[in-house]
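Colleague: Right, I'll just put the structure down here and ask away after.
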Amino acid sequence: MQQGSASKDSTRWSSRFAYILAATGAAVGLGNIWKFPYITGENGGGAFVLVYLVCILFIGIPVMMAEVSIGKFGRHTPGKSTVEVAKASGKPAFWGFIGWMGVLSGYLILSFYVVITGWGLAYIFKAADGAFGNGTPAHIQTLFADLTANGWALVGWTSLVVLGTVLVVGKGVKAGLERAVSALMPILFLLLIILAVYAAIEGDFWAALHFMFDPDFSKLTINGVVVALGHSFFTLSLASGIMIMYGAYLPEGVSIAKSSLWIAFFDTLVALIAGMAIYPIVFEHHLAPGSGPGLIFQTLPIAFGQMPGGQLVGTLFFIMLVFAAFTSALALIESSVAWLVEKRGFSRWAAAFTAGFGIWLLSLGTIAATCGLPIAIFNTPWGQTNFFDALDYLTANILLPIGGLLLAVFTGWIANKKLIADMIDSPAVFRLWQPIIKFLAPIAILLVFLQLVGIIHL
Ligand code: TRP
């Protein structure tokens with residue numbers, strides 16, 4: 000009954016461990032090392048972290064289980080898998096648009112993700128070269144401003160990232176993705192631990208611990224709650240097609256509930272350790288925790304320039320960042336590549352190059368925006384925006400929450416109950432999961448979404 004492109008063994012993960020590693024590689028990325036620390040800083044620390052953990056546990060994990068179930072049943076790309084679930088439930092095929100929307104969101108995210116990964120790549124060489132000097136803030140500012148304004152350099156770094164992604168994904172699921180992730184993830188974990196130990200010794204460990212884990216609810220705003228929920232989606236790679244796609248490659252006999260718990264656990268652990276690798280250094284040097292997206296490119300290098308061994312530690316830090324981002328980029332392109340193979344009959348290599356070329360073209364929009372080229376800046380009824388900010392806003396604040404909401408509604412209300420229960424394969428877990436996906440998740444996401452688009456102000 001389930002005959003699909005992923006019904007063959009060659010397009011399955013070789014083990015439960017390989018699947019968990021690949022999905023963790025997708026989840027752990029810029030979201031953990033760049034975004035989580037700075038939004039924690041902006042939202043006052045401990046109380047925000049607590050809300051974020053609650054969101055991961057009660058909304059993120061159930062939605063992840065929903066996506067993996069769809070993929071495991073359909074054994075195709077996200078769009079087609081969703082169609083299969085709809086059809087098998089006696090529902091119209093148009094429900095497949097939820098899957099397509101995920102693929103589109105992933106593709107759009109990737110187009111700016113490769114540019115930021117390119118910044119990271121450039122920073123490896125800057126750090127190794129001693130370019131942070133002795134860490135004068137003005138000097139570090141100029142370094143960042145010069146890079147983001149230098150269009151040709153950015154095109155170069157971004158092209159390298161896109162090419163690397165294409166070369167790995169073109170090789171296929173096992174020979175490409177699985178091998179790359181198995182090599183990169185252990186190094187990533189090791190670097191992260193080295194950096195956290197260094198930060199604990201050289202930095203102000205206790206101040207960081209207090210900041211991140213001692214909740215002060217007076218610092219938590221409703222906007223902080225909104226950001227925490229949105230980020231739980233982004234960081235677990237939900238609603239962007241990939242968990243359906245990776246679910247399609249799930250070997251038989253792997254528990255969806257347990258593996259989802261592990262993936263979420265590792266993802267959260269990496270975010271928390273990344274925080275503990277960054278904040279002790281920030282506090283030791285009396286830098287501002289709430290400095291926003293520039294935290295790791297404009298604040299941390301100040302400390303790297305001033306610390307003993309900062310040149311080496313800074314280099315290792317940016318290597319770690321690029322590894323994390325690269326394994327996510329591989330995942331972000333996989334659904335479109337698989338789609339070109341499935342729908343258009345492309346060879347795997349042709350599909351990888353075609354999808355990569357599209358990403359490269361789209362990335363030029365983001366690069367033009369950071370360089371301030373007029374072509375990437377436009378006026379909207381809400382004010383001026385640019386290509387980069389518009390894409391970031393569209394994906395993180397609109398497509399991901401709507402996608403998550405639709406996934407919850409689809410698997411909770413539309414899909415056949417028995418079909419999903421069979422995929423989850425544990426009556427006890429299913430009984431726990433169902434009320435969450437039917438009520439808690441959709442209502443929470445709806446509140447967040449309405450808040451974000453400004454329809455309600457909690
Ligand atoms: N989770 C990734 C991060 O934290 C970002 C991301 C969102 C992603 N959606 C994705 C990665 C889909 C891979 C696939 O950086």
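Numbering (numbering that gives the first Met the number 0), first residue to last: 0 to 457.
Yeah, the Cβ is synthetic: ideal placement off N, Cα and C, and Gly gets one too.
1) Less than 7 Å between the CB of residue 258 and some heavy atom of ligand 1, yes or no?
2) Comparing C-alpha positions only, which one of 191, 398 and 365 sits nearest to residue 384?
3) Could you tell me the distance, in whole angstroms, from the CA atom of residue 442 to the CA atom of residue 435?
4) Give a yes or no on whether the C-beta atoms belonging to residue 230 and residue 444 are separated by under 8 Å.
5) Kindly confirm or deny that the segment 223–243 and the segment 98–107 touch, where touching means at least three C-beta pairs closer than 8 Å.
6) Would the beta-carbon of residue 244 fall within 8 Å of that of residue 136?
7) Could you check how far apart the C-beta atoms of residue 160 and residue 17 are, in whole angstroms? I think they sit under 8 Å.
8) Between which two residues does the alpha helix (DSSP H) holding residue 89 run?
9) If you measure from the CB of residue 30, is any heavy atom of ligand 1 nearer than 7 Å?
10) Should residue 454 be listed as close to ligand 1, given that the test is whether its C-beta is under 7 Å from any heavy atom?
11) Comparing the CB of residue 108 with every heavy atom of ligand 1, is any distance shorter than 7 Å?
12) Measure the Cβ-Cβ separation of residue 181 and residue 20 and say whether it is below 8 Å.
13) Is it true that the CB of residue 202 sits closer than 8 Å to the CB of residue 72?
14) Hey, how far is the Cα of residue 111 from the Cα of residue 343?
15) With DSSP as the reference, label residue 264 as helix, strand or coil.
16) Who are the Cβ neighbours of residue 266 in its own chain at under 7 Å, not counting the five residues just before and after it?
17) Using only the alpha-carbon positions, how far apart do residue 61 and residue 141 sit?
18) Please confirm whether any heavy atom of ligand 1 lies closer than 7 Å to the CB of residue 241.
Modeller: On the basis of the supplied data:
1) no
2) 365
3) 10 Å
4) no
5) yes
6) no
7) That belief does not hold up - the Cβ atoms of residue 160 and residue 17 are roughly 24 Å apart, past 8 Å.
8) Premise fails: residue 89 is in no alpha helix (DSSP H) and is neither H nor E.
9) yes
10) no
11) yes
12) yes
13) no
14) 26 Å
15) helix
16) 23, 26, 27, 31, 234 and 235
17) 44 Å
18) yes
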